[in-house]
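Asks:
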Amino acid sequence: MASSFDKYQKRKLISSYVSVVISIALVLFLLGCLGLLVINSKKVADHFKEQVVMTIYLNDTAKEVEVNQLKKSLAMADYTKDALYVSKEEAAEFMKAETGEDFMDFVGYNPLKNSIDVHLKADFVTTEQLTEITENLSTKAFIEEIRYDNDLVELMNDNVKKITFWVLIISGLFTLIAVLLINSSIRLAVYSKRFIIKTMQMVGATKSFIRRPFVWKSVQLGIIGALVALAGMAVVLYYLDLTFPELELLRNTVLIAGLFIGIFVLGILITWISTFIATQRFLNLKTDHLYY
Numbered sequence: 001m002a003s004s005f006d007k008y009q010k011r012k013l014i015s016s017y018v019s020v021v022i023s024i025a026l027v028l029f030l031l032g033c034l035g036l037l038v039i040n041s042k043k044v045a046d047h048f049k050e051q052v053v054m055t056i057y058l059n060d061t062a063k064e065v066e067v068n069q070l071k072k073s074l075a076m077a078d079y080t081k082d083a084l085y086v087s088k089e090e091a092a093e094f095m096k097a098e099t100g101e102d103f104m105d106f107v108g109y110n111p112l113k114n115s116i117d118v119h120l121k122a123d124f125v126t127t128e129q130l131t132e133i134t135e136n137l138s139t140k141a142f143i144e145e146i147r148y149d150n151d152l153v154e155l156m157n158d159n160v161k162k163i164t165f166w167v168l169i170i171s172g173l174f175t176l177i178a179v180l181l182i183n184s185s186i187r188l189a190v191y192s193k194r195f196i197i198k199t200m201q202m203v204g205a206t207k208s209f210i211r212r213p214f215v216w217k218s219v220q221l222g223i224i225g226a227l228v229a230l231a232g233m234a235v236v237l238y239y240l241d242l243t244f245p246e247l248e249l250l251r252n253t254v255l256i257a258g259l260f261i262g263i264f265v266l267g268i269l270i271t272w273i274s275t276f277i278a279t280q281r282f283l284n285l286k287t288d289h290l291y292y
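Residue numbers are given in UniProt numbering: position 277 of the sequence shown equals residue 277, and the series is strictly consecutive.
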């Protein structure tokens, strides 16, 4: 009978430990994924901003030397990520491929213009910067027109600000939820041993002596849960990098390493503090109150 009871207690204890580890791992994994989003939010926003194209249309009378000088000046400009010269013939071929029809058969000539498509660096994709760049380039007589989607730029910048604000709010809420959930799991684990704590205290054991094994066991569980969470984060990061290589998610190794270390340390700190508070509570309770 005693052997059967001991096995039951052991299974119950292992089950309790497993549930604590799973709770810690899931919460830290979600928190870590949110951290990855926060770290890479600017990079993702910059990627979409840099898809905005500013097209410079050139007069047919533009001299080759003028066009070459413009291409060189654009290549050296601080605001340029890349610039691509598109001749009117290339533009016509592109339209033919897109529509499946040769519009020149109807028009009789090529009405398109030679142009330069400029992708700007993300920091310059604002209405003010684009207006300034346009005004500077418009002083050149051989430039006929400069076009870009200003409404898209304004909408994108507004959305980036809103998303950044809400990501920070959600990050704070997730951190609070993580602390509360892990704390609840630890408190339940300690609660199941409240009578053992009180018995040890009644036979003369000091509070620090009683608390030490509970804290150490919880820290071990925190380490295991954190390692499981980090493994999950590594898998998610790996597959995101494979899916979106243009974002270069693994490039900023310092911030990513800092996040991984932060999640690991957070798992240890939360379990240590939660166990300390939980055991202290039962150490300070009177025996009669243990049954409530």
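Using N, Cα and C, we set each Cβ at its ideal position, and we do this for glycine too.
Could you tell me the alpha carbon to alpha carbon distance between Gly258 and Ala205, rounded to whole angstroms?
Replies: Position 258 of the sequence shown, counting from 1, holds the residue named residue 258. Position 205 of the sequence shown, counting from 1, holds the residue named residue 205. Their backbone Cα atoms lie some 40 Å apart in a straight line.
Asks: Which class does Ala83 belong to by DSSP, given the choice of helix, strand or coil?
Replies: The residue labelled residue 83 in the question sits at position 83 within the sequence shown. In this structure, Ala83 counts as strand in the three-state DSSP scheme.
Asks: Under the three-state reduction of DSSP, which class applies to Glu128: helix, strand or coil?
Replies: The residue you call residue 128 lines up with position 128 of the sequence shown. In this structure, Glu128 counts as helix in the three-state DSSP scheme.
Asks: Run the CB neighbour count on Gly267, radius 10 Å, all protein chains shown included, and call it buried at 16 or more, exposed below.
Replies: Locating residue 267 in the sequence shown gives position 267, counting from the first residue. So Gly267 ends up on the buried side.
Asks: In chain order, what residues of the same chain lie with their CB nearer than 7 Å to the CB of Phe5, ignoring the 5 residues before and after it?
Replies: Walking along the sequence shown from the start, residue 5 turns up at place 5. For Phe5, the pLDDT reaches just 45, beneath the cut-off of 50, and the residue's location in the model is therefore unreliable, although a value from the coordinates is still provided. Cβ neighbours of Phe5 beyond the five flanking positions: none.
Asks: Once you ignore the five residues that flank Ile277 on each side, which residues in its own chain have a CB closer than 7 Å to its CB?
Replies: Indexing the sequence shown from 1 puts residue 277 at position 277. If we look at Ile277 and ignore the five residues flanking it on each side, it has no Cβ neighbours.
Asks: Could you name the residues of the same chain whose beta carbon sits closer than 7 Å to that of Ile182, not counting the 5 residues immediately before and after it, in chain order?
Replies: The residue given as residue 182 occupies position 182 in the sequence shown. Only Ser23, Ile24, Val27, Ile270, Thr271, Ser274 meet the Cβ criterion.
Asks: Under 6 Å Cβ to Cβ from Ser73, same chain only, skipping five residues before and after it: list those, please.
Replies: Here residue 73 refers to the residue found at position 73 of the sequence shown. Closer than 6 Å at the Cβ level, and outside the excluded window around Ser73, lies no residue.
Asks: Closest to Leu247 by CA distance: which of Lys42, Leu31, Val18, Gly32 is it?
Replies: Position 247 of the sequence shown holds residue 247. When only C-alpha atoms are compared, the closest one is Lys42.
Asks: Our contact map puts Ile116 next to Tyr85 with C-beta atoms below 8 Å; I'd like the distance itself, whole angstroms only.
Replies: For the purposes of this step, residue 116 is taken as the residue at position 116 of the sequence shown. For the purposes of this step, residue 85 is taken as the residue at position 85 of the sequence shown. Confirmed, about 5 Å.
Asks: From what residue to what residue does the beta strand (DSSP E) around Leu112 run?
Replies: Start at 1 with the first residue of the sequence shown, and residue 112 comes out as number 112. Looking at the DSSP string, Leu112 is not in any beta strand (DSSP E), and its letter there is neither H nor E.
Asks: I need the straight-line Cα distance from Glu90 to Gln129, nearest angstrom please.
Replies: Position 90 of the sequence shown, counted from the first residue, corresponds to residue 90. Position 129 of the sequence shown, counted from the first residue, corresponds to residue 129. One C-alpha to the other measures close to 29 Å.
Asks: If I follow the unbroken alpha helix (DSSP H) through Leu70, where does it start and stop?
Replies: The count along the sequence shown starts at 1 and reaches residue 70 at position 70. Element bounds for Leu70: 64-76.
Asks: Looking at C-alpha atoms only, which residue of Ile143, Lys49, Thr175, Ala226 is the closest neighbour of Lys71?
Replies: Counting from 1 along the sequence shown, the entry for residue 71 is found at position 71. When each option's Cα is compared against that of Lys71, the closest is Ile143.
Asks: I'd like to check one pair, Phe264 with Leu230: are the Cβ atoms closer than 8 Å?
Replies: For the purposes of this step, residue 230 is taken as residue 230 along the sequence shown, with counting starting at 1. For the purposes of this step, residue 264 is taken as residue 264 along the sequence shown, with counting starting at 1. Going by C-beta atoms, Leu230 is nearer than 8 Å to Phe264.
Asks: In three-state terms, what does DSSP make of Val118?
Replies: Here residue 118 is taken as the residue at index 118 of the sequence shown, counted from 1. Val118 falls in the strand class under three-state DSSP.
Asks: Measuring only the C-alpha atoms, how far is Leu250 from Asp46?
Replies: Counting from 1 along the sequence shown, the entry for residue 250 is found at position 250. Counting from 1 along the sequence shown, the entry for residue 46 is found at position 46. Approximately 16 Å between the Cα atoms of the pair.
Asks: Which one or two residues does DSSP pair with Val53 in a beta bridge?
Replies: Against the sequence shown, residue 53 aligns to sequence position 53. Note: Val53 sits in a beta bridge opposite His119.
Asks: Grab the span of the alpha helix (DSSP H) containing Arg194 for me, first residue to last.
Replies: Taking the sequence shown and counting its residues from 1, one reaches residue 194 at position 194. 194-202 is the extent of the alpha helix (DSSP H) around Arg194.
Asks: To the nearest angstrom, report how far apart Val65 and Ile163 are at their CA atoms.
Replies: Along the sequence shown, read from residue 1 onward, the residue named residue 65 stands at position 65. Along the sequence shown, read from residue 1 onward, the residue named residue 163 stands at position 163. Approximately 45 Å between the Cα atoms of the pair.
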